[in-house]
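Residue numbers (our numbering): 382 to 420.
C-beta atoms are modelled at their ideal positions from N, C-alpha and C, and glycine is treated no differently.
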């Protein structure tokens, strides 16, 4: 199984715009856990 790769620049950009982890994970197709582990 391949590791989830995340476009962090895009994720950070969305996060700064006020999106929640849940919304970002939906938009980017990654798990919330993956996002939380990286911040």
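Residue 397 and residue 411 have their alpha carbons spaced roughly 18 Å apart. Residue 412 carries a coil assignment under DSSP once its states are collapsed to helix, strand and coil. Around the beta carbon of residue 408, a 10 Å sphere encloses fewer than 16 other beta carbons of the protein chains shown; the residue is thus reported as exposed. For residue 404 and residue 418, the gap between their C-alpha atoms comes out near 16 Å.
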